[in-house]
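A short worksheet on the structure shown next.
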Amino acid sequence: MITRERAPGRAPKVALRRTWRQVRARVRIQREYGAGFRWLELDLPAGFAAPVAGQFVQLLLAAPSPVLLPRPMSVASVQRASGRLRVGFLYAPVGEGTRALSRLEPGNEVHVTGPLGRGYPLAEPGTPVLVAGGRGVAPLLMAAEALARARRRCEFVFGARTSELLVGLADARARLARAGGRLHLATDDGSRGFHGDVVRLLDGLAPRLATPLVLHACGPHAMLAAVARWATANGARAHLAMESVMACGTGVCRGCPLPRSSEARARVIEAGAEAAALKGNPEWAMCCTDGPVFEARELDWDRVE
Amino acid sequence: MSDVTLKRKAVDARRVDLSVRIGPLVLRNPILTASGTFGYGDEYAHVVDLAAIGGVVTKTVTVKPRPGNAPQRVAETAAGMLNSIGLENVGLERFRDEKLPRLRALEATVIASIGGETPEELETLLRALGREPGVGAFEVNFSCPNVAAGGARYWADPARLERTIAQLKPLTDKPLIAKLSPDVTDIRDTARACERGGADALTAVNTFVGMAIDLDRMRSKLGKATGGLSGPAIKPLALARCWEAAAAVRIPVLGSGGIASGRDALEFMAAGATAVQVGTATFVEPEAASRVLMEMRAWLAANGIARASDLVGRFRAEHAQETGMPGAARNGEEP
């Protein structure tokens, strides 16, 4: 007979590397943010590690929820208040889960798992250029503030199709003014700022900046692909925050693959398990644990959907 | 009528004996994590005490590493989710050299899930892992709905199942558990074939083949046309398959499919499961397995059932007449 018994109270002598937790949080603020977007702010209990820019959490409505799975949400702000965390999210109620989220009122309970994923490597040397598309502005404002705390000024490129879709522009201006970031606006229709997309704007801006440039971007995948290609062509590094449908958000279900570049594939095959954070799959990176922030050379942008 | 009636006098929850037997393997309690929903264990070790739950069924490992399917791999449906992961895994070598030692250090009872496109691949896996000290049992994944070769269809043939298990049995001294697909005409046929081949236990069931279509793009919501459905949506379906399988064999059955609460787990046990697996619920609540265990213990105590194994098959015994199935013997015990 095989038995597996353990003396009570004896903990295994193994270091546990992960820090995410699932906690109960309360809605603090729920309001319109303009252009169909909403701002949600939660009070999180002590013991929840402070997320960094680019990281996400899994948000789950307390029962009864119209959806089964939690929803990944990029963190848009983190404030500490008497030992607790106030964490903000900018979101659009576009699906059943997010619409249910938009009906929550201050005091309502939600379950939050996090912080998850790898955020922006803001300590990377170079001139920081933050490139935001639409609601992608949120984590990058957080990044601008983190850079300011490290006494680094950033260039902040904010683009959208139209001026109305420059989400929370007044808020962005105010926060960037405090963080000492220089704001550059671009709209596809020319209704505000530079007439054209953020990549054309970068063409004009980059020659005026000290090299090397290090780009941190968040926005639609098509924009991120364009920024990644621009960075590769111009000898800059770029860190792009990707999105994916997810189930677990913790690397377990393997449900959120993104295509690796041939360069990354070769590196994974060569390095195997030694490649830190690459989890050894040469074909696919997982958005949740390998990312959601990826350096441009990690992914095959022709195959990113 | 059942030979055990519900005693209403509560017992002390700490004194409820939760241990169950899967062949020669004694589990400290009936709550396991389902393969593919708990990684290789250490991903959740900081939130679930792996030494306190019944065991961890690891992500199915194949001889060679598999990269898995193209996106999309998951899609939510009403009260459930579809997946088309495609058995992404680190492969035999890394499983043995990196994952198993870590699980051993965490003091988990490990049930290693193995998968193969052919009987020979399964033999290779068992030759390599069959005598590993860190493994308590093997679950053979005969039921993946998402691979082109060696999936649920291939293994739905009772003769192939019986033959393969008979081939595998001598390669290990650990219990062999056959994980069955629900997508067969009669699960009793595959269940009995596994028993005849020498399986020590069954897991009933894997995901159900399902579909979801994005009408705007007229394409599947998954990278492939179909995927495997899991979650609360399948619980009644899985429970019926589990009951049918358990009634058809004398070996223990591990129930699986949509279990998210202590009551869900108890229903499967009443239907004949000796132990249960918590799967998709972990994606919603990482500590789900621990909570299910706590709820099960509390219910048994409140209902005066001092031994979890006393509950196994009680429903089945009462309803054996309905299907003409032998139902008097409880799983894992002599009749």
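In order, the protein sequences belong to chains A and B.
Here the first sequence is numbered in our numbering, starting from 76 and rising by one per residue.
Here the second sequence is numbered in our numbering, starting from 1278 and rising by one per residue.
Every residue, glycine too, gets a C-beta built ideally from N, C-alpha and C.
Counted as a single uninterrupted DSSP element, the stretch harbouring residue 1511 of chain B is not any alpha helix (DSSP H), since DSSP gives it neither H nor E.
Between residue 1439 of chain B and chain A, the shortest Cβ-Cβ separation is not below 7 Å. Three or more pairs of CB atoms, one per stretch, sit closer than 8 Å, so the region 1541-1557 of chain B contacts the region 1501-1519 of chain B. Going by DSSP, residue 1560 of chain B is part of the alpha helix (DSSP H) stretching over 1558-1561. Per DSSP, residue 130 of chain A is not a residue of any beta strand (DSSP E), being assigned neither H nor E.
Excluding its 5 nearest sequence neighbours in each direction, residue 304 of chain A has C-beta neighbours in its own chain below 7 Å: 376, listed in chain order. The region 1563-1576 of chain B makes contact with the region 1287-1301 of chain B, as at least three CB pairs between them are under 8 Å.
Residue 359 of chain A: not part of any alpha helix (DSSP H); member of the beta strand (DSSP E) spanning 359-361, first to last residue. For residue 1299 of chain B against residue 1478 of chain B, the beta-carbon gap comes to about 5 Å, under 8 Å, which counts as contact. In the structure shown, residue 316 of chain A adopts extended strand secondary structure according to DSSP, grouped into three states. Annotation: residue 1400 of chain B to residue 99 of chain A spans about 47 Å, alpha carbon to alpha carbon. A residue is called buried when at least 16 other Cβ atoms come within 10 angstroms of its Cβ; residue 143 of chain A meets this threshold and is buried. Listed along chain B are 1561, each with a C-beta nearer than 7 Å to that of residue 145 of chain A. In the three-state DSSP reduction, residue 1390 of chain B falls in the strand class (E or B).
Residue 1474 of chain B sits in a helix when the DSSP states are folded into three classes.
Between residue 1449 of chain B and residue 1396 of chain B, the CB-CB gap reaches or exceeds 7 Å. No Cβ-Cβ contact shorter than 7 Å links residue 1304 of chain B with residue 1489 of chain B. A Cβ-Cβ separation of about 5 Å places residue 285 of chain A in contact with residue 202 of chain A under the 8 Å criterion. Fewer than three beta-carbon pairs drawn from the region 1341-1358 of chain B and the region 124-140 of chain A are found closer than 8 Å, and the two stretches are therefore not classed as touching. Annotated three-state conformation of residue 1365 of chain B is coil, per DSSP.
When the five nearest sequence neighbours on each side are left out, the beta carbons in the same chain lying within less than 6 Å of the beta carbon of residue 1455 of chain B are those of 1417, 1419, 1471, 1476, 1479, in order along the chain. Among the bridge pairs identified by DSSP, residue 293 of chain A is matched with A:207, A:316. By the Cβ neighbour-count rule, residue 1336 of chain B is buried, with 16 or more other Cβ atoms within 10 Å of its own.
Under the three-state reduction of DSSP output, residue 1286 of chain B falls in the coil class, being neither helix nor strand.
Listed in chain order, the alpha helix (DSSP H) elements of length 4 or more contained wholly in the region 1423-1480 of chain B are 1435-1445, 1464-1474.
In this structure residue 250 of chain A is buried. Its beta-carbon is surrounded by 16 or more other beta-carbon atoms within 10 angstroms. Contact residues of the region 1347-1368 of chain B toward chain A are 1347, 1348, 1349, 1350, 1351, 1352, 1353, 1356, 1357, 1358, 1360, 1362, 1365, 1367 (C-beta to C-beta distance below 8 Å). Approximately 7 Å separates the beta-carbon atoms of residue 232 of chain A and residue 204 of chain A; this is inside 8 Å, confirming the contact. Contact check between the region 163-181 of chain A and the region 339-348 of chain A: fewer than three CB pairs, one atom from each, fall below 8 Å, which does not count as touching.
The Cβ atoms of residue 153 of chain A and residue 121 of chain A do not sit closer than 7 Å to each other. Between residue 1310 of chain B and residue 1529 of chain B, the alpha-carbon positions lie close to 17 Å from each other.
Chain order gives the chain A residues near residue 1508 of chain B as 143, where near means a beta carbon separation below 8 Å. Residue pairing for residue 188 of chain A: DSSP places it in a beta bridge opposite A:97, A:133.
The criterion of a C-beta distance shorter than 7 Å is satisfied by residue 215 of chain A and residue 207 of chain A.
With its beta carbon at least 7 Å from every one in chain B, residue 373 of chain A lies outside the interface. Counting C-beta atoms within 10 angstroms of its own C-beta, residue 237 of chain A has fewer than 16 neighbours from the protein chains shown and is therefore classed as exposed.
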